[in-house]
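Visitor: Following this message is one structure expressed as structure tokens.
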Amino acid sequence: MKTPLKWVVVAAARPNFMKIAPLLRAVKQHNRENGHLVQPILVHTGQHYDASMSDAFFRDLDIPDPDVHLNVGSGTHAEQTGRVMIEFEKLLFQETPDLVIVVGDVNSTLACALSAVKLHIPVAHVEAGLRSFDRKMPEEINRLLTDAVSDYLFTPSPDGDENLVKEGVPREKIFLVGDIMIDSLFYHLGKAKANNVKSRLSLISEEEGPECKPYSLLTLHRPSNVDDRKALSRILEGLLKVAERVPIIFPCHPRARKQIAAFGFDKAFQFHQGLSLSDADYYDRGDLKRKIHCLPPLGYLEFLNLMVDAKVVFTDSGGIQEETTVLGIPCITLRDSTERPITIAQGTNVLVHNDPEKIVREALRILDGNAPKGICPEIWDGKTAQRIVKILSSKAGR
Ligand code: UD1
């Protein structure tokens with residue numbers, strides 16, 4: 032019997048968790064069907080550490096406890112990247128894995144890829160080839176450098192392949208496999224729809240029947256939006272006008288929460304400690320009509336539940352542009368570029384940057400019933416992780 036291959040799978044921050052969950056499931060299925068051939072080692076770098084940013088996602092996505100926790104935490108880019116590299120290298124010396132799998136574009140993605148490649152350990156990058164062509168975004172630097180040192184580049188869409196080929200990556204390293212986030216979305220959609228978050232937020236009431244009241248959803252955390260006073264104030268100016276027409280529910284990232292307080296923008300928000308809002312907060316209006324409803328960060332199933340029925344989603348996240356495209360929910364992206372152009376070309380996404388007029392114009396267009404109709408990109412079918420595991424194991428001769 033052959034010794035099992037050791038694959039280290041890296042998880043670090045909130046947007047990684049929905050990408051590693053299907054991978055681990057696909058490895059398990061592969062082992063079941065072929066005998067035990069791969070030993071996955073799940074490493075959590077600890078880039079995100081709050082229960083609401085990490086533990087809740089492990090629970091919602093049925094991810095096993097990490098085998099190793101590096102407890103790296105927050106810091107400047109160099110501090111965080113450096114600390115992950117140092118701790119991850121120690122683990123690589125100890126485990127001598129056959130492969131390291133990294134996902135997405137966060138600081139830990141790059142740090143782990145660099146540590147591995149320097150020890151001549153092959154690296155697989157899931158969600159390779161995406162480019163915003165904006166090198167001021169930390170994620171763009173992480174994407175470029177991770178792709179430059181990876182051995183297997185798994186792309187979600189053909190634009191990813193084209194970008195990599197233009198950068199000189201040999202074609203035989205590139206594999207178009209689809210969007211792994213969508214594996215999680217399809218797998219958990221039923222459970223998410225059954226979540227009771229809308230009742231807890233008084234968006235549904237038993238007396239009034241199953242129809243939920245209209246609402247929109249907001250996420251905001253990019254440094255270019257929340258660390259820049261002018262950008263944030265322009266975004267709020269637009270959103271507060273939209274709030275007069277439809278309530279805006281804003282599960283708030285810790286970075287954004289800190290910056291709202293630092294800039295003294297608290298007045299734009301109604302802060303809610305938990306998930307129980309009274310009906311009056313949303314619809315009896317008065318002064319609250321001019322507020323954005325700020326909640327603590329939500330879990331995966333709760334957020335997905337809200338996304339499914341939102342009239343419109345405002346976001347600066349990458350993954351949410353993809354999820355709304357698949358769900359057919361209109362998405363207004365608060366950025367001037369996107370590394371996911373397919374969500375505009377084929378999906379429901381539109382870019383408005385931080386322009387208050389555009390924010391209002393696009394929102395009203397959607398609320399007046401003229402939302403863009405998108406289609407689901409090819410091979411975003413929920414089977415991306417299986418394709419990746421099949422390719423990697425056949426390359427290893429298993
Ligand atoms: C990181 C990723 C970004 C991703 C985002 C999703 C990088 C460069 N950025 O940004 O691509 O879209 O995660 O959330 O890797 N904090 C907490 N609790 C936590 C984590 C962070 O309070 O569990 C606070 C800390 O004060 C920290 C700040 O949030 O300084 C930012 O966290 P960090 O991981 O540096 O970047 P994100 O903005 O979360």
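Just so you know, the sequence shown maps onto residues 32 to 429 in the numbering used here.
Yeah, the Cβ is synthetic: ideal placement off N, Cα and C, and Gly gets one too.
1) Would you say the stretch 293–308 touches the stretch 326–333, given that touching needs at least three Cβ pairs under 8 Å?
2) Tell me whether residue 256 counts as near the ligand UD1, meaning its Cβ is closer than 6 Å to at least one heavy atom of that ligand.
3) When you compare only the Cα positions, how much space is there between residue 426 and residue 105?
4) Does the Cβ-Cβ distance between residue 138 and residue 162 come in under 7 Å?
5) Along the alpha helix (DSSP H) that carries residue 122, what are the first and last residues, could you check?
6) Tell me whether residue 170 counts as near the ligand UD1, meaning its Cβ is closer than 6 Å to at least one heavy atom of that ligand.
7) Kindly provide the ranges of any alpha helix (DSSP H) runs that are 4 or more residues long and lie completely inside the stretch 181–211, ordered along the chain.
8) Do you know how far the Cα of residue 180 is from the Cα of residue 172?
9) Check for me: the beta strand (DSSP E) holding residue 364 runs from which residue to which?
10) In angstroms, rounded to a whole number, what distance separates the CA positions of residue 74 and residue 44?
11) Mapping the DSSP letters down to three states, classify residue 70 as helix, strand or coil.
12) Here's a check: name, in chain order, each residue in its chain whose Cβ is nearer than 8 Å to the Cβ of residue 297, leaving out the five neighbours to either side.
13) Let's test the definition: count the other Cβ atoms within 10 Å of the Cβ of residue 125 and tell me whether it reaches 16, buried, or not, exposed.
14) How should residue 164 be labelled, buried or exposed, when 16 other C-beta atoms within 10 angstroms of its C-beta is the threshold for buried?
15) Is the distance from the Cβ of residue 212 to the Cβ of residue 49 below 7 Å?
16) For residue 330, which three-state DSSP category applies?
17) Report all residues from its chain with a CB closer than 7 Å to the CB of residue 123; omit the five preceding and five following residues, and keep chain order.
18) Please name the residue, chosen from 385, 373, 397 and 387, that lies closest to residue 409 on a Cα-to-Cα basis.
19) For the beta strand (DSSP E) holding residue 247, just list the boundary residues, first then last.
20) Is residue 286 near residue 324, with beta carbons less than 7 Å apart?
21) Please go through the same chain and pick out, in chain order, the residues whose beta-carbon is closer than 7 Å to the beta-carbon of residue 35, but skip the five residues on each side of it.
22) Report the rounded CA-to-CA distance for residue 347 versus residue 378, giving the unit in angstroms.
23) What are the boundary residues of the beta strand (DSSP E) that includes residue 299?
24) Cβ of residue 214 within 7 Å of Cβ of residue 413?
25) Can you tell me whether DSSP reads residue 369 as helix, strand or coil?
26) My output table needs one value for residue 346: the three-state DSSP class, helix, strand or coil.
27) In the DSSP assignment, the alpha helix (DSSP H) including residue 61 goes from what residue to what residue?
28) Tell me whether the beta-carbon of residue 113 lies closer than 7 Å to the beta-carbon of residue 415.
29) Taking residue 216 and residue 186 to be in contact with their CB atoms under 8 Å, please state how far apart those CB atoms are, rounded to whole angstroms.
Guide: By the coordinates alone:
1) yes
2) No - the ligand UD1 has no heavy atom lying nearer than 6 Å to the Cβ of residue 256.
3) 36 Å
4) no
5) 108–126
6) yes
7) 189–197
8) 13 Å
9) 362–364
10) 12 Å
11) strand
12) 291
13) exposed
14) Residue burial is scored here from C-beta neighbours: residue 164 has fewer than 16 other C-beta atoms within 10 angstroms and is therefore classed as exposed.
15) yes
16) Judged by DSSP in its simplified three-state form, residue 330 adopts coil rather than helix or strand.
17) Its chain contains 146, 147, 150 and 152 as the residues whose beta carbon lies nearer than 7 Å to that of residue 123, once the 5 sequence neighbours on both sides are disregarded; these appear in chain order.
18) 373
19) 247–249
20) No.
21) 67, 68, 69 and 70
22) 16 Å
23) Segment: none, residue 299 is in no beta strand (DSSP E) and carries neither H nor E.
24) yes
25) When secondary structure is reduced to three states using DSSP, residue 369 falls in the coil class, being assigned neither helix nor strand.
26) In this structure, residue 346 counts as strand in the three-state DSSP scheme.
27) Counting along the chain, the alpha helix (DSSP H) containing residue 61 begins and ends at 45–65.
28) no
29) With 8 Å as the limit, residue 216 and residue 186 do not qualify as a contact, their Cβ atoms being about 18 Å apart.
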